[in-house]
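In case it helps, mature numbering (1 follows the signal peptide of the UniProt record, and there is no 0) puts the sequence shown at residues -21 to -1, 1 to 287.
Beta carbons: idealized from backbone N, C-alpha and C, even for Gly.
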Amino acid sequence: MRMRNLVASLGVAALALTAVACGKDEPAGGGGTGDSAASDTCGDLHKFTTASGVDVAGSATFTKIKSRGTPVVGVKADQPNLGYKDADGKRCGFDIEVARMVAANLGFDPDKIEYKEIPSANRETAIAGGEIDYYVGTYSITDKRKKLVSFAGPYFIAGQDLLVRKSDTSMDAGKTALKGKKVCSATGSTPIQRVKDENLTEASNISEFKTYSECVSQLLDKKVDAVTTDDAILKGYAATAPDELRVVGKPFSEEKYGIGLPLADKALRDKVNSILETSASDGTWKELYDATLGKSGSDSTPPPLEKY
Ligand code: GLU
C-alpha cells in the first residue's frame, strides 16, 4: 500500500492537504509552514549542473548508459524522505537526490533518469542482471552482498530500530523486548535477517512483505506489534502518522548505505566514490540531507568512504 493511501486511510487528510497546498512551490530545503517531517507531496528538487565531457575509462556500465543516453536507476518508492513517489508521480527524498547527483556528475540530465522500483529482495539480481545501471535505496553494504554486487559509499549510516503503535510501551527496551512479539519486515533485508539470526522473536511471529509500507499497514491494523528496519526509514513512516506511530529510538545495528553497482565495474565505483567525496567537501551532501532526511530534525554529516 502506498503511503498516500495510508495517509488517506488514517483519515489525516489535513496533513495531505497542507502538503499539497505548500509542496509545489517550496524551495529545496524549505520545510513549509507547519510542514511535517514527511509530506505526501514532493517539493522542488535540487538543481544540479550536468557535467560535460565526462568519460569513465574502462567502465562497461558507463559505456552502456552513454549509448542509451540516460541512466536506468533502481530505487524505492514508498520510503518518505528517502525514496518516495508522490501522487503526481514525482520522486523525491535523499536517495533520489543522491541518484540525481550521480547522474548529473556522470554527464546525464538528472531529470531524465529512468527509474525502476526494485524491492529489497531483488536488488542483487537487478544489478547483476543489468536491469539497472546503479541502485540507490537504503541499500546496506554487507560482505554477503559484496560477493554479488559492488558498492560506492557509504553515503549515510542508519541503524535498525522498531516502529510501534504510539500507545504501546512494551518494546521500549529495544530488540530484547521483541520475544513473543509479532514482528514485520521486508524480504531480503538485513533487518529481517538479524531478527532471524539473533532469534529476536519466534519464527512463527515473523511476517515478511515485499515492502515496509505493507508492514506499516499491518501495524496499524494491529496484525503485528512492530515493524523493524532502519531508523531513517521508520522515522519517515512515523511522521506520516504521528498520532498513531512512533519509533522506539534504540538502534541496534549499523546500516551503511551504499550505491549498488555491477560487481566487475571498479572504474564506475571509483568514479561514484569521487562524486560522493566532492559532495561531502563542497557542501552539496549537507544541502541534500537538510532538504530531505534532515527534516526529521536530526543532524548528520557524510560518513567516511570505504574504498576497496
Ligand atoms: N538497509 C537495510 C537493507 O539494505 C534495510 C532497508 C532496505 O531493505 O532497503 O537491507
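Please report the distance separating the alpha-carbon of residue i from that of residue j.
i, j, result
"S119", "S31", "31 angstroms"
"Y191", "K64", "14 angstroms"
"residue 288", "E266", "The displayed coordinates of the chain run from -21 to 287. Any statement about residue 288 would go beyond what the structure contains."
"G159", "A270", "39 angstroms"
"S38", "L242", "11 angstroms"
"K95", "T148", "38 angstroms"
"A217", "S46", "42 angstroms"
"L272", "P281", "13 angstroms"
"E276", "Y268", "The sequence shown places Gly at residue 276, not Glu. The straight-line gap from Cα to Cα measures roughly 11 angstroms."
"G62", "G237", "14 angstroms"
"L240", "G108", "11 angstroms"
"residue 295", "T180", "Only positions -21 to 287 of the chain appear in the structure, and residue 295 is not among them; the question remains open."
"K145", "E177", "26 angstroms"
"K214", "T49", "32 angstroms"
"K154", "D200", "22 angstroms"
"A36", "D261", "25 angstroms"
"R248", "I212", "25 angstroms"
"L255", "N184", "40 angstroms"
"K123", "A131", "15 angstroms"
"V128", "T121", "10 angstroms"
"A205", "I136", "22 angstroms"
"K26", "R79", "9 angstroms"
"E93", "V81", "13 angstroms"
"Y134", "S279", "11 angstroms"
"T40", "I111", "10 angstroms"
"K91", "N60", "21 angstroms"
"D244", "K125", "12 angstroms"
"S186", "K175", "11 angstroms"
"K250", "T207", "33 angstroms"
"K202", "C21", "30 angstroms"
Could you check if residue i is buried or exposed, using at least 16 other CB atoms within 10 Å of its CB as the buried criterion?
i, result
"N252", "buried"
"P283", "exposed"
"D34", "exposed"
"G13", "Model confidence at G13 stands at a pLDDT of 35, short of 50, so the residue's coordinates are unreliable; what they give is reported in the following sentence. Exposed, since its Cβ has fewer than 16 Cβ neighbours within 10 Å."
"N84", "buried"
"T104", "exposed"
"Q172", "exposed"
"T257", "exposed"
"Y287", "exposed"
"E76", "buried"
"T28", "exposed"
"K55", "buried"
"A152", "exposed"
"A182", "exposed"
"K274", "buried"
"D19", "buried"
"D57", "buried"
"D67", "exposed"
Hey, is residue i's beta-carbon within less than 8 angstroms of any beta-carbon in chain D?
i, result
"A107", "You won't find chain D in this structure, because it holds only one protein chain."
Discussion item. Quick check for students: name the residue ranges of the alpha helix (DSSP H) that lie wholly in the region 87 to 163, counting only runs of 4 or more.
Written reply: 102 to 107 and 122 to 125
Discussion item. Taking contact to mean 3 or more Cβ pairs, one atom from each stretch, closer than 8 angstroms, check whether the region 220 to 228 and the region 66 to 73 are in contact.
Written reply: no
Practice prompt. Would you mind listing the beta strand (DSSP E) stretches within the region 214 to 246 that are 3+ residues and don't spill past its ends, in chain order?
Written response: 224 to 226 and 234 to 241
Worksheet item: Can we say the region 228 to 244 touches the region 131 to 148, given the rule of at least three CB pairs closer than 8 angstroms?
Response: yes
Discussion item. Can you confirm whether the region 161 to 172 touches the region 96 to 109 when touching is taken to mean that 3 or more C-beta pairs between the two stretches lie within less than 8 angstroms?
Written reply: yes
Worksheet item: Do the region 108 to 115 and the region 180 to 197 meet, that is, are 3 or more Cβ pairs less than 8 angstroms apart?
Response: no
Fill in: Whole runs of the alpha helix (DSSP H) within the region 245 to 269, excluding any shorter than 4 residues
245 to 260
Worksheet item: Can you list the alpha helix (DSSP H) stretches of 4 or more residues lying completely in the region 33 to 87, in chain order?
Response: 39 to 47 and 73 to 85
Worksheet item: Which runs of the alpha helix (DSSP H) spanning at least 4 residues fall entirely within the region 160 to 211, listed in chain order?
Response: 169 to 176 and 191 to 199
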